[in-house]
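Asker: Each residue of the sequence shown is one higher than the one before, counting from 115 in my numbering.
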Amino acid sequence: MKRQQRKAMVSEAFEKRFGRAPTLWAQAPGRVDLMGNHTDYNEGYVLTMAIDRNTWLAVLPRDDRKIVIFSLNFEGGGEFDLNDIRHDESFPWTNYVRGVAAAFQDEGFRLHGFDGLIHSTIPFGSGLSSSAALEVVTATALKNLAANWEIDPVRFVRLCQRAENEFVGMNCGVLDQYSSTFGEAGHSLLLDCRNLTHRTASMPEDLLVVICDTRIERELTGSEYGERRAQCEEGVRRMAGFYPGITHLRDLTLEQFIEQEALLPEVVARRCRFIIEENQRVLDLARALSADERTAIRALTEGSYAGARDLYEIVSPATEHMMKAVLSGPGVVGARQAGAGFGGCTVAFVERDEVEAFTDHVGRLYFSTTKIEPEVYPVQAAPGAGLMRL
Ligand code: ADP
Ligand code: MG
């Protein structure tokens, strides 16, 4: 949908619901990781990119301390009072909005009531961070309505994350909110998850990032995510016996690790090896993309996928089918599984001229083996959250 069409559609819905036009428009993008599965909680690196799929929030300030919130993507909604922010059981999606208001208010930021309508082009539950985009767009609107917040952007990111951790109850890392806030057009971000700093990395002109969504929802509330985290922690505990002072897998070089690897339980060793190698691949891919080194892009993405499958064991059968379709597609330079695994999206680097033929091929082949209609589409690196002049 074109931007103007989308605006007209949201405006019309807003006026129908609230009787007046919105006066403020905020947006926050979704994101995809180009490299770095599960490296975030190991205080490592991620190559992440904000994408041109985003969440909009159209807003009209109110005179009282109420937030009235609806979404064009989800049923329900309603109002809550800023003097008494409660968890909502009937429409759980509003808890992202409530949680953001609560997190900032608890830290002493003044909030202003508003009527708001949300519209998003990010798929939900595919690992492209629609939840973070909703948090960040809400915080962006609140920040601009109050007009006088002085806030360090990393603290802003942290408070959005807190909303999801504490109010929604999802133990996510900070990567999603960070990417949605700091994204830059035409660039990916090489994020250091220990210091929460980044530098930008450029993308080759004639390669596009193509999202290949298996349409199998991730299920991370299960035991898998916590189990992987615990295994990494166990690896660190044991390794600290040989390398005093290390606190995360980030602190180990591959050489140090290999020297003591045999002393770890076999599964723990595999998990740790994956993280340590994946960290290095993040740094290497940032370089390879900047220099447009295709052989390296291919090798690094292959390494990431193979490690996710064999060492970290987070690849589901749907993703294996997807990878088969992707790697046999025209113009593909490399591909790997994005996000936390167990379904979700595969991310491919594809020659610009071949993108149409590629999406066609992947759609057909994946459907023929799984009978599931995938979503396959190119994305561009987009700017982070902010107000829009429409
Ligand atoms: P992901 O962040 O990978 O898309 P999550 O499960 O973390 O998946 O977040 C998805 C949830 O976020 C949705 O089920 C919904 O509750 C909420 N959400 C995201 N975008 C919107 C939206 N545009 N309107 C209402 N709720 C949304
Ligand atoms: Mg999410």
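Ideal placement from N, C-alpha and C gives every residue a C-beta, glycine not left out.
(1) Just to check my reading of the structure: Q118 and M502 have Cβ atoms closer than 8 Å, yes? What is that Cβ distance to the nearest angstrom?
(2) If you run the structure through DSSP and keep just helix, strand and coil, what is L321?
(3) To the nearest angstrom, how far is it from the Cα of I181 to the Cα of Q219?
(4) Return the chain-ordered ranges of every beta strand (DSSP E) run that is complete within the stretch 197–278 and spans a minimum of 3 residues.
(5) Does the Cβ of L377 have 16 or more other Cβ atoms within 10 Å, making it buried, or fewer, making it exposed?
(6) What residue range does the beta strand (DSSP E) around G192 cover?
(7) Under the rule that 16 or more other beta-carbon atoms within 10 Å means buried, what is K130, buried or exposed?
(8) Any heavy atom of the ligand MG within a distance shorter than 8 Å of the CB on S245?
(9) Please give the ranges of any beta strand (DSSP E) in the stretch 453–479, keeping only runs that are unbroken, at least 3 residues long and fully inside the region.
(10) Give me the Cα-Cα distance between A315 and P488, rounded to the nearest whole angstrom.
(11) Please determine if the stretch 290–301 and the stretch 267–279 are in contact, where contact requires at least 3 C-beta pairs separated by less than 8 Å.
(12) Give the single residue among I325, P379, R387, H362 whose Cα lies nearest to the Cα of E95.
(13) Just the Cα atoms here: how many angstroms apart are E264 and T484?
(14) Compute the Euclidean distance between the alpha carbons of L196 and L161, then round it to the nearest angstrom.
(15) Less than 9 Å between the beta carbons of V429 and R167, yes or no?
(16) Three Cβ pairs or more, each shorter than 8 Å: is that satisfied between the stretch 452–462 and the stretch 228–245?
(17) For T433, which three-state DSSP category applies?
(18) Classify I165 as helix, strand or coil using the three-state DSSP reduction.
(19) Please classify K116 as buried or exposed, where buried requires at least 16 other C-beta atoms within 10 Å of its C-beta.
Answerer: So, to answer that:
(1) That pair is no contact at about 12 Å.
(2) strand
(3) 13 Å
(4) 228–234
(5) exposed
(6) 191–195
(7) exposed
(8) yes
(9) 459–465
(10) 29 Å
(11) yes
(12) Residue 95 lies beyond the range of the chain shown here (115 to 504); nothing can be said about it.
(13) 51 Å
(14) 37 Å
(15) no
(16) yes
(17) helix
(18) strand
(19) exposed
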